[in-house]
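Numbering (our numbering), first residue to last: 1040 to 1169.
Ideal Cβ positions, reconstructed from N, Cα and C, are used throughout, including at glycine.
These figures come from a predicted structure and were not determined experimentally.
In what follows, a structure is listed as structure tokens, so that the remarks can point back to it.
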Ligand code: FE
């Protein structure tokens, strides 16, 4: 088990930018095609913008044309999946396993080998060169 990070909302507010706080802590969604990692193809890894937890490898990133960075797999034990019934629909929310930050949602229309599409807000991510 990774050690969990637990901060009060006040502490998160101090640590994060207003945009990061809105998405990571208030489960917001950035507007489609606006995020800095939508069309971004460098080799490296993506970590949680809230806590630095390693979430995705660039090898699993693909162009989904959905307007958000998309991955077909995560790093091992990186995320939690939670039922989300907001906005009058059922979706599965993806959160950081370490800090609980909201990352995005997962869908079943991704490419092989997993068939999954992790649709993730750029603001929830920070890219690290290999
Ligand atoms: Fe995190």
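Residues sharing a beta bridge with residue i, DSSP
i	result
residue 1110	1100, 1157
residue 1095	1085
residue 1141	1134
residue 1118	1135
Residue i Cβ short of 7 Å to the ligand FE heavy atom set
i	result
residue 1067	no
residue 1158	no
residue 1119	no
residue 1080	no
residue 1098	no
residue 1089	yes
Between the CA atoms of residue j and residue i - distance to the nearest angstrom
i	j	result
residue 1124	residue 1066	13 Å
residue 1160	residue 1142	6 Å
residue 1086	residue 1137	11 Å
residue 1145	residue 1156	6 Å
residue 1102	residue 1116	24 Å
Close beta carbons around residue i, own chain, < 7 Å, minus the five adjacent residues each side
i	result
residue 1061	1067
residue 1040	At residue 1040, the pLDDT of 49 sits below 50, so the modelled position is not reliable and the matter cannot be decided from this model.
residue 1134	1118, 1119, 1121, 1140, 1141, 1142
residue 1076	1108, 1161, 1164, 1166
Residues near residue i by beta carbon distance below 6 Å, same chain, minus five either side
i	result
residue 1064	1051
residue 1099	1110, 1111, 1112
Residues near residue i by beta carbon distance below 8 Å, same chain, minus five either side
i	result
residue 1059	1088, 1089, 1162, 1163
residue 1069	1058, 1062, 1107, 1160, 1161, 1162
residue 1129	1122, 1123
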